[in-house]
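So in full-length UniProt numbering, spot 78 of the sequence shown is number 78, and the numbers just go up one at a time.
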Amino acid sequence: MTGFLFELTFLLAAPFWALMIVLPGWSWTRRIIASPLIVLPVLVIYAALVIPAFGEVLPAVANPTLGGVRDLLGTSNGAAAGWAHMIGFDLFVGRWTWLDARDRGIPHLVLAPILLLTILLGPIGLCVYLAVRTRWPAVSRPAVATPRT
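So this is what it looks like as structure tokens:
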């Protein structure tokens, strides 16, 4: 079961990455990627792996040591949970990056390689994006009037 969940994790995230990288201009891409719930299936897998092993996981994360984390991730369940954790957070960061880049008008030819880097090496992709985005200032939006009651 753990092997299946490990394989399923990226398969659930891949369509969203494909939308952001391959179909950025499709009208449905913005609607789909706008929802933070796109990470939910991966988070459910993470929970399915972590909750049954909560007694082992909690000590390793509440008082982390290199040896304790190594031992936790050195199991099949631990590695699969770690993978789901990474895939979920990388997708959330990729989603934010894609939305932010669209709002800033960053060309897709600049963004696509950064998204690929984020898939492969999440924190490095984020660092590159944070450096690149400084060249495109945020577009100021007019304030939205709130209705009076």
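Even glycine gets a Cβ: it sits at the ideal position worked out from N, Cα and C.
Residue j beta carbon less than 8 Å from that of residue i
{"i": "W26", "j": "I119", "result": "no"}
{"i": "G67", "j": "L73", "result": "no"}
{"i": "A101", "j": "I21", "result": "no"}
{"i": "L117", "j": "I106", "result": "no"}
{"i": "V39", "j": "L91", "result": "yes"}
{"i": "residue 161", "j": "A84", "result": "The chain is shown only over 1 to 149; residue 161 falls outside these bounds and no answer can be derived."}
{"i": "I33", "j": "L126", "result": "no"}
For residue i, the nearest candidate out of the options (CA to CA)
{"i": "F89", "options": "T75, V132, V44", "result": "V44"}
{"i": "E7", "options": "I87, P36, L40", "result": "I87"}
{"i": "A14", "options": "N63, P64, L115", "result": "L115"}
{"i": "L19", "options": "A60, R95, T2, V69", "result": "R95"}
{"i": "L5", "options": "W98, L99, A48", "result": "A48"}
{"i": "P36", "options": "T97, L126, R70, V69", "result": "T97"}
{"i": "L12", "options": "A34, W28, Y46, P24", "result": "Y46"}
{"i": "V132", "options": "R104, R31, V57", "result": "R104"}
{"i": "V93", "options": "L130, T134, D71, R70", "result": "L130"}
Residue i, buried or exposed, once every other Cβ within 10 Å from all chains shown has been counted against 16
{"i": "A138", "result": "exposed"}
{"i": "T65", "result": "exposed"}
{"i": "T61", "result": "Thr is not the amino acid found at residue 61; the sequence shown has Val there. By the neighbour-count rule (16 or more Cβ atoms within 10 Å), V61 is not buried but exposed."}
{"i": "L109", "result": "exposed"}
Flag this pair as touching only if the region 48 to 55 and the region 75 to 83 have three or more C-beta atom pairs under 8 Å; answer yes or no.
yes
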